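This report refers to the structure that appears directly beneath it.
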Amino acid sequence: MSNRRSHFRVVAMVILGLGLPSVCLTAQITKTPKTTPKSAPKPTPASAAKGTATKPAAEPAKTLVTPPPGPPRSWAAVTYVSGSTIYLEVGSKQGVKEGTIFTVVRAGQTIGELSASFVSSSRTACAVTRSSSAITVGDSVSYVPVVVEQVPTTLTAAGSRPVTRAGTRRSPVRGRVGLRYLTINQPGGSTLRQPSVDLRLDGAQIGGSSMGLAVDVRMQRTSVTGGSSSATSAPAGATRVYQAALIRQSSPTGTRLAMGRQFATVLSPIGIFDGVALDVNGSKWSGGGLVGTMPDGGSFAPSAATTEAGLWLQRHSAQGSASPWSATVGAIGSYNRGEIDREFAYLRGTLNTRVVSIYAAEEIDVNRGWKRQAEGSFATFTSTVLTAQVSMSRALSISGGLDSRRSVRLYRDFVNPEIAFDDALRQGQWGEVSLRPSRHFRLSSDIRSSGGGSEGKSQAFTASASATQLTPLGLGLRARTTQYTGAITEGRLSSVAVEVAPGQAVRLSLNAGVRTSLMPSAGLPATRLTWAGGDLDVAVGRSLYIMLSTYRESGTASASVQTYAAVTWRF
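Going by numbering that gives the first Met the number 0, 16 is the number at position 17 of the sequence shown; the sequence numbering is gapless.
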């Protein structure tokens, strides 16, 4: 069951896989609906961006020995999983739009379906709309890239010469405008209010040419009133430009040239930059490069202080392969006012067969100059990600991996104690056994050993159970409990969630949890942190979406009540 909820997003930690620099500490409010208008047919990937009525594509067969019927499909891989949000390293540059439907494939079988919730130029955050097994890093996804093309229509009248009328399947420029309002009742009686507006534009083949654009601008105003005089603050505004680029590309799989503020594609460690990028895509080989400067971390204004450059080369399987794989090698350099900041190699590989799924990524720093003296060696292995899954049968799978990344860019609706706890245990090793006795039920258990994060060295054991689509109302349930032992604290975290979707245009979800912590060495009584939240999403017609949510946290000095409302219009 999808456990995605919507609350205010703290981009102090996150902005997608959207790849914003980790130094960005602004509070951000953005919400993308999880529902599809009831009046509209279930969208295919080519029409999901605006809900254009088209005949739904046939569902892929259970065993994908050959590519599914219909339009040519592209392939990508799951790169990170956080709670109910699935992250992919493809974005608008690869023909992905908000609402694009992804088919998840493992070991040659379809195991689920994702819907694109947030899309940057090179990364996508997805909500799980259907799954028969837990989706993990390294799983393959297929989708139909969105191509805006001119469709000539010839009208012939008796005794007249043919007249050609140029029509389009949809507008070459699509986007959304969102109005959002967040209030947080804080301890001491103070109240934070934060209205915001965001604008997203994506264009391709504008005016029948190969030119496109990508614009992402977000504005917000924050004020704190009430409580103590020290808590009250004057309203402060902030405007952030995340994308403002011109793009030249004849098709989603062709050569692509982008100029302006944008996100790195394959070289994901770079994130956002101001400059020029060239990607050349082939049937078996692809490559590219970029050069630019990093925006100021505080104001996001253009800055010439840090220059970044990178090159990459990729060997991959043919498009539509039943067992997709890829091997990527890249080189990245970052220089601060002419001095070496960081130079490193980037390696990544993916493999998906009928039995085994593997995802691996490595960053190797090359130490020159002052860094050679500081590190004491020519090369340093600084970041490793490895996950592997073996499908023993349709019902049983075993997976494991390790993660030594110092930081991960995420894009979240909100953060509750459960998500914060999982993030704290991200670094380390883990193993999981998953059993699905039927298509509606799933049981899993995993053990994790963490050597970093805010929890320090710790071990955790988790057991979870979920059920989906139990009634015609789309009832879903999820329960999870984790026993953990850290360097200083130990305790238990438990959570439950329930969701109903009586129609495609309405979705209601409720969630709650509790975390108890004890410090045995200090002899202090155990602390108890509780939280509860609710989320209601309503789609009106094909373009208007209304979101309402509330979230309450208690048991800590920073306990608060948050209320969020948003209206989004897509065009």
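From the three backbone atoms N, C-alpha and C, an ideal C-beta is built for every residue, glycine too. Everything numeric in this text was worked out from a predicted model, so none of it was measured.
Can you give the beta carbon distance from T352 to S322, rounded, assuming they're within the 8 Å contact cut?
The Cβ separation is near 5 Å, so the contact holds.
Quick one: Cα of I205 to Cα of T562, how far?
Take the alpha-carbon of I205 and the one of T562: they are about 40 Å apart.
Taking only the alpha-carbon atoms, compute the straight-line gap between A387 and I100 and give it to the nearest angstrom.
Their Cα atoms are separated by approximately 25 Å.
Alpha carbons only, please: which of Q468, R477, T526 and R179 is nearest the one belonging to A500?
Minimum Cα distance to A500 is reached at Q468.
How far does the beta strand (DSSP E) with A308 in it reach, from first residue to last?
First-last of the beta strand (DSSP E) with A308: T305 to H315.
For Q185, which of helix, strand or coil comes out of DSSP?
The answer is coil: DSSP assigns Q185 none of H, G, I, E or B.
If G399 and G427 are in contact, beta carbons under 8 Å, what's the gap, nearest whole angstrom?
Not a contact, Cβ separation roughly 11 Å.
Taking 8 Å as the threshold (C-beta atoms), are R122 and Y86 in contact?
Contact annotation: Y86 and R122 have beta-carbon atoms nearer than 8 Å.
L346 and E361 closer than 8 Å at C-beta:
Taking 8 Å as the cut-off, the beta carbon of L346 is found closer than this to the beta carbon of E361.
Please list the segments of the beta strand (DSSP E) lying wholly inside the stretch 461-495, counting only runs of 3 or more residues, in order along the chain.
Complete beta strand (DSSP E) runs here, min 3: 475-485.
Can you give me the start and stop residues for the beta strand (DSSP E) that F380 sits inside?
Per DSSP, F380 belongs to the beta strand (DSSP E) from A378 to S390.
May I have the straight-line CA-CA distance separating A26 from P436, to the nearest angstrom?
Any reading at A26 must be qualified, since the residue scores a pLDDT of 31, below 50, and its modelled position is unreliable; the value itself is stated next. Their backbone Cα atoms lie some 42 Å apart in a straight line.
Where G206 falls: helix, strand or coil (DSSP)
The DSSP-derived three-state label of G206 is helix.
Hey, would you say V384 sits closer than 8 Å to R371, going by beta carbons?
One thing to note: V384 has its Cβ no nearer than 8 Å to the Cβ of R371.
When we look at the beta-carbon of M391 and count the other beta-carbons within 10 Å, is it buried (16 or more) or exposed?
With fewer than 16 Cβ atoms within 10 Å of its Cβ, M391 is classed as exposed.
On the three-state DSSP scale, how would you describe S417?
Note that residue 417 is Glu in the sequence shown, not Ser. In this structure, DSSP gives E417 a helical state, which the three-state scheme calls helix.
Using only alpha-carbon positions, find the residue among S325, N415 and E338 that is nearest to E552.
Of S325, N415 and E338, the smallest CA-CA separation from E552 is found for N415.
Under the three-state DSSP convention, the category A237 falls into
In the structure shown, the three-state DSSP call for A237 is strand.
According to DSSP, what are the bridge partners of P127?
One detail in the question is off: residue 127 reads as Val in this sequence, not Pro. Under DSSP, V127 forms a beta bridge with L113.
Which residue's Cα is closest to the Cα of S250: R179, T238, V143 and I183?
Closest by alpha carbon: V143.
Given a cut-off of 8 Å, decide if N510 and G490 are closer than it, judged by their beta-carbon atoms.
Not a contact, by the Cβ cut-off of 8 Å.
Could you pull the start and end residues of the beta strand (DSSP E) that E361 belongs to?
V355 to V365 is the span of the beta strand (DSSP E), which, as asked, contains E361.
Taking the CB atoms as reference points, tell me whether T515 and R527 lie closer together than 8 Å.
In this structure, the beta-carbon distance from T515 to R527 falls below 8 Å.
Report back the beta-carbon spacing between S116 and A124 to the nearest angstrom; my notes put them in contact at under 8 Å.
Rounded, the Cβ-Cβ distance is 5 Å, consistent with contact.
In its own chain, which residues sit with a C-beta less than 6 Å from the C-beta of R441, not counting the 5 before and 5 after it?
Scanning its chain for C-beta atoms nearer than 6 Å, with the 5 sequence neighbours on each side dropped, one finds around R441 the residues R435 and S465, in chain order.
Relative to the C-alpha of V571, which candidate in R105, E97 and Q93 has its C-alpha closest?
Past the edges of the chain, shown from 0 to 570, lies residue 571, and the structure says nothing about it.
Can you give me the start and stop residues for the alpha helix (DSSP H) that E374 sits inside?
W369 to E374 is the extent of the alpha helix (DSSP H) around E374.
So I134 and V103 are in contact, right, with Cβ under 8 Å, and what is the actual spacing, rounded?
The C-beta distance from I134 to V103 rounds to 6 Å, short enough to fall under 8 Å.
Below 8 Å between beta carbons: does that hold for S443 and V432?
Against a cut-off of 8 Å, the Cβ pair of V432 and S443 comes out as a contact.
Leaving out five residues before and five after A378 in sequence, what residues of the same chain have Cβ atoms less than 7 Å from its Cβ?
Correct list, in chain order: I363, D364, V365 and N366.
In or out: K283 buried (at least 16 other Cβ within 10 Å) or exposed?
Exposed is the label assigned to K283, since fewer than 16 other Cβ atoms lie within 10 Å of its Cβ.
Work out the CA separation of A486 and P519 for me, nearest whole Å.
Roughly 10 Å separates the two Cα atoms.
Could you say which of A359, L310, Q185 and D273 lies nearest to A326 if we only look at CA atoms?
Among A359, L310, Q185 and D273, the Cα nearest to that of A326 belongs to A359.
Measure the CB-CB distance between G430 and I418 and report whether it falls below 8 Å.
Against a cut-off of 8 Å, the Cβ pair of I418 and G430 comes out as no contact.
From the DSSP output, in three-state form, read off A48 for me.
Here the model assigns A48 a pLDDT of 33, short of 50, so the residue's position is not dependable, and the following value carries that caveat. Three-state DSSP puts A48 in coil, outside helix and strand.
Leaving out five residues on either side along the sequence, give the residues of the same chain with a beta carbon under 7 Å from the beta carbon of R72.
Excluding sequence neighbours, R72 sits near P66, S141, Y142, V143 and G319.
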